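Numbering (our numbering), first residue to last: 16 to 463.
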Ligand code: PFF
C-alpha cells in the first residue's frame, strides 16, 4: 500500500522551515568569525558572488530533485541515476560530520542563556573573554549542554515534520530577526563603531588568496544548507502547488540578510571595544556579551533573548541535519522513525563528545594536526559540501531530462520561470567546473 507522503502544513511553514535550516550558527556564529579571519569586506563580496552564481541555483536544483521524486537525498538521486547514488550517501556522511560539532556550539549557546541571567554582563570585558575560554576548554560543562541540545533535536525530529520542526520555526525565526536588528542598531551607535563598518563594507583585496575563495564557497554552501541533500529532503515534503525558484529566492535572501545583519551587529562593536577581528570561533560569545554589558540592566534582558534566539536558530538547522539521516533510514532502509532518530542521535552524541573535548582536554590529532572539532568542520565545509554541490549540479544538469526540470520548475507550465534557460546553463556548464577550480586552488593554497 502506498502511504501518502507527509506535506508541509502551509507555504509560510515551508519557507520558515527551509529558512530555519539555512539560518543558524552558520550565519551568526560562523559568518562573522570567518569574515574577521579573512579580512572583512573582500571576503563578503566573494561570498555574495558565490551565493548568486552558485548557491541559489543549487538550491533550486535541490528543491527540484526532492519534489520531483518525493524522496529524500539518497532516494531522489538514485531515482535519476544509480551511478550517482554515492552523492546521496556523501550527503548523509556530511550530515554526520556537521552534527559532530554543531551540537557543541549549540550547547555553548544554551549555556549562555543561563550565563545571561547569572551575572555575565556585570563583568569587565576581559573577564567576559576569559569566561568563554575557560568554559569551552572544560570537560563536563560543555558536554552537559551539548547533550541537552542534542536531546532537544531528538525530541523534535522524533515527532516528525509538521508537529515538531514547523511549529518551532514559525514562532522563533521572526523573534531572532527582530532581535538582531535591535543589537545591530545598538552596535552601530557605539563610540568608534565607524571602523567596524569600514571593515565590513570597504573592500581590501590585498588579503585575498585561493583559501579565501574556498572559505567563501564553503560558507555559502554551509550557510544555505546545500551540497548534502538537506534541501532535497525538505523539497520532497513540499506541495506540488509551490513555485520552487521563488521559494529558493526567498530562503536565500533571508539567509544572506541574517548573516549581514549579524556582521553589522558584531563588527562595529568589536572595533569599538578595540578587539582583534580574527578572534576565531569565540567571536559571537565574546563580543555580543560585551555589547550587552554596556547596556546596563537592559543588557540582561537582551542577552537572554539573544541566546535563546541563537539556540533556536541552531536547533532549526540541526534538526534538518538530523532529518537528512533519519529520512534516509526511513525511505531506504525501512527503519521506523523513532528508532532511526535514537540510533542517529547516539552516533552524533559520540562524535560531539570527541569534538567538545578537543577544545581543551585532548591534544590535537597526529597527522591532521587539528582536533576533532576542526577536523569535522574542515572535512564537511571545505571538502564534502562543495563536492556534493558539484555532483548535485552534474546530476541535475547532465542526467535529469531538461524538460522534466522545466515542468517541475514551472509547475507544468502553469507558473513562469523566465530565467529557466540561464539557470540550466549555469547548472550544467558553469557551476561544476567553477566549484572544481575553487576547490583545487584552495587546496593548493593550504598545502603551501
Ligand atoms: N545552514 C546551517 C547554518 O548556517 O547554521 C547549517 C546547516 C544545516 C548546514 C543543514 C547544512 C545543512 F544541511
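Glycine is no exception: its CB is placed at the ideal position from the N, C-alpha and C atoms.
What you are looking at is a predicted structure, and each value in this text was computed from that prediction instead of being measured.
Smallest Cα separation from residue 412: which of 391, 441, 90, 310?
441
Which of the three DSSP states is assigned to residue 53 in this structure?
coil
In terms of residue numbering, what span does the alpha helix (DSSP H) encompassing residue 157 cover?
155-173
Hey, would you say residue 270 sits closer than 8 Å to residue 87, going by beta carbons?
no
If you draw a straight line from the alpha carbon of residue 152 to that of residue 128, how long is it in whole angstroms?
18 Å
Report the three-state DSSP secondary structure of residue 83 (helix, strand or coil).
helix
With distances taken Cα to Cα, identify the nearest neighbour of residue 286 among 214, 249, 320.
214
Cα separation between residue 354 and residue 106?
20 Å
Closer than 7 Å: is that where the CB of residue 166 sits relative to any heavy atom of the ligand PFF?
no
Under 7 Å: does the beta carbon of residue 194 sit that close to some heavy atom of the ligand PFF?
no
Other residues of its chain near residue 383: CB distance less than 6 Å, five sequence neighbours each side excluded:
390
Cα separation between residue 43 and residue 77?
24 Å
Given 7 Å as the limit, tell me if residue 245 has its C-beta closer than that to any heavy atom belonging to the ligand PFF.
yes
Go through the region 343-382 residue by residue and report every complete run of the alpha helix (DSSP H) that reaches 4 residues or more, in order.
352-372
Inter-residue Cα distance where the pair is residue 146 and residue 85
48 Å
Quick one: residues in its chain with C-beta nearer than 6 Å to the C-beta of residue 447, no 5 flanking neighbours on either side, listed in chain order?
405, 408, 409
Best match in 111, 211, 168 for proximity to residue 394 [C-alpha to C-alpha]
111
Pick from 236, 55, 39 that is closest to residue 70, judged by C-alpha positions:
236
Quick one: Cα of residue 328 to Cα of residue 187, how far?
8 Å
Proximity of residue 90 and residue 347 at Cβ, strictly below 8 Å
yes
Reduced DSSP secondary structure (H/G/I, E/B, other) of residue 138
coil
Mind reading off the beta-carbon distance from residue 114 to residue 366? Whole number of angstroms is fine, and I expect it under 8 Å.
7 Å
Quick check: is any heavy atom of the ligand PFF less than 7 Å from the C-beta of residue 262?
no
According to DSSP, is residue 428 helix, strand or coil?
coil
Thinking just about the alpha-carbon of each residue, which of 303, 263, 100 is nearest to the one in residue 144?
303
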